[in-house]
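Residue numbers for the sequence shown follow the UniProt record's numbering, beginning at 1 and rising by one.
Written out below as structure tokens is the structure these notes cover.
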Amino acid sequence: MKMAKSEEAAASEASLKDQGNEFFKAGNYLKAAALYTQAIKQDSSNPTLYSNRAAAFLHLVKLNKALADAETTISLNPNWEKGYFRKGCVLEAMERYDDALATFQVALQHNPRSSEVSKKIKRLSQLARDKKRAQEVENMRSNVDMTKHLDILKSELSEKYGAEEVWKEIFSFLVETMETAVKSWHETSKVDARVHFLLDKEKTQTDKYAPIVNIDKAFESPHTHSSCFSFLRQYAEESFSPAACVVAPKSIISYPQVWKGQGSRKWKHGQNDGFFVQFESPSVRKLWFIASSNEKGQTLCRDPVVLDISVHELLPRLFK
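So, in structure tokens, the structure goes:
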């Protein structure tokens, strides 16, 4: 009599599981999960039932419940690959890629021939690399540090200006201008064509001379270029500025030095989007191009590249 009851319960449990499987195949994961739950009430020590319900919960995006069932599957049968596979799939859905990868690797130890697990490991390894690179890109975007790229300029400025407070102020002005431009590019993928002036705190009439002059029309023709340059040279002199910085997006300049008649001669950075920074002072002149690229869905400025200012200057010497 007891035997018959046990067989009946087993048949009922199997029936519930089979029904759950049919609903699962049909895409009715809610009904499948309910049937697996009923079967678990009859036999709470069956790891297959928890594994199946974990899969149903995963499809329903009930990830915490799915993870709990996967953990139970593993605890009931620690040597069964399927429990680790289920857990790995849930962790992947949670975007916990490193944890998922480690779990799939355990699954592979229990079943080295599983192509399903091998594919997951390959995919997760790539996702982990992508996530790491995306984080690196975000760090590079958030922590802009131009000082390390301009460090070589310190000794040159020190040599030309002597007084530490003078050259340090000029250097800080350049670093701040470049970092502001990079941050603007990261946020909006553009910079405004402007000349930034380091005004003399004691001599400059700040009500008459602003620290920034827009030059967006300067590169429209040789005439506007010449007029702009004349104005800026006079501005630099009359404002008593010890230094200035020209920032201009590449997009408004058909080619560096188009005014010198170099035409469309091939240029090393011709395929890159980005912007120029030209530093002007009476003793030191420098020019950089900062290329831009899109990586992991983010706009990222590359390291500044020094250009030959005698060939590529955006504007002639501003300080006499």
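Cβ coordinates follow ideal geometry from the N, Cα and C atoms, glycine included.
In this text the structure is predicted, and so the values were computed from the model without any measurement.
The Cβ-Cβ distance between His196 and Val246 falls below 9 angstroms. Setting aside the 5 residues that flank it on each side, Met140 is surrounded in the same chain by Leu300, each with a C-beta closer than 7 angstroms to its C-beta; the list follows chain order. Taking all protein chains in view, the Cβ of Asp303 is surrounded by fewer than 16 other Cβ atoms within 10 Å, so the residue is classified as exposed. For Ile252, the secondary structure class from DSSP, reduced to helix, strand or coil, is helix. With contact defined as three or more Cβ pairs closer than 8 angstroms, the segment 153-160 and the segment 279-288 are in contact. By the criterion of a C-beta distance shorter than 8 angstroms, Ile170 is surrounded in its chain by Leu157, Tyr161, Leu198, Pro242, Ala243, Ser281, once the five residues flanking it on both sides are discounted. Boundaries for Leu315: no beta strand (DSSP E) harbours it, and the DSSP string shows neither H nor E there. Rounded to whole angstroms, Lys217 and Leu232 show a C-alpha spacing of 13 angstroms.
DSSP places Lys25 in the helix class (H, G or I) of the three-state scheme.
Annotated three-state conformation of Asp273 is strand, per DSSP. Between the segment 177-188 and the segment 218-226, the count of C-beta pairs closer than 8 angstroms stays below three; the two stretches do not touch. Under DSSP, the beta-bridge partners assigned to Ile290 are Phe275.
Rounded to the nearest angstrom, the gap between the Cα atoms of Glu138 and Ala181 is 17 angstroms. Scanning its chain for C-beta atoms nearer than 8 angstroms, with the 5 sequence neighbours on each side dropped, one finds around Thr147 the residues Val175, in chain order.
Straight-line spacing of the CA atoms in Thr206 and Lys296 works out to 44 angstroms. Rounded to the nearest whole angstrom, the CA to CA distance from Leu49 to Asp273 is 56 angstroms.
Judged by DSSP secondary structure, Ile212 falls within the beta strand (DSSP E) whose first and last residues are 212-214. Excluding the 5 residues flanking it on each side, Phe276 has same chain C-beta neighbours closer than 6 angstroms at Ala248, Phe289, Leu314, in chain order.
About 7 angstroms separates the Cβ atoms of Ala107 and Ser114, confirming a contact at the 8 angstroms cut-off.
By the neighbour-count criterion, in which a residue is buried when 16 or more other Cβ atoms sit within 10 angstroms of its Cβ, Ala236 is buried. Only residues of its own chain outside the window of five on either side were considered, and among them none has a CB closer than 8 angstroms to the CB of Ser221. Take the alpha-carbon of Lys87 and the one of Leu58: they are about 10 angstroms apart. Between Asn46 and Ala54, the C-beta gap is not smaller than 9 angstroms, which leaves the two residues out of contact. Less than 9 angstroms divides the Cβ of Asp98 from the Cβ of Ala128. Bridge pairing for Glu220: absent [DSSP]. With 16 or more other Cβ atoms inside 10 Å of its own Cβ, Glu92 counts as buried.
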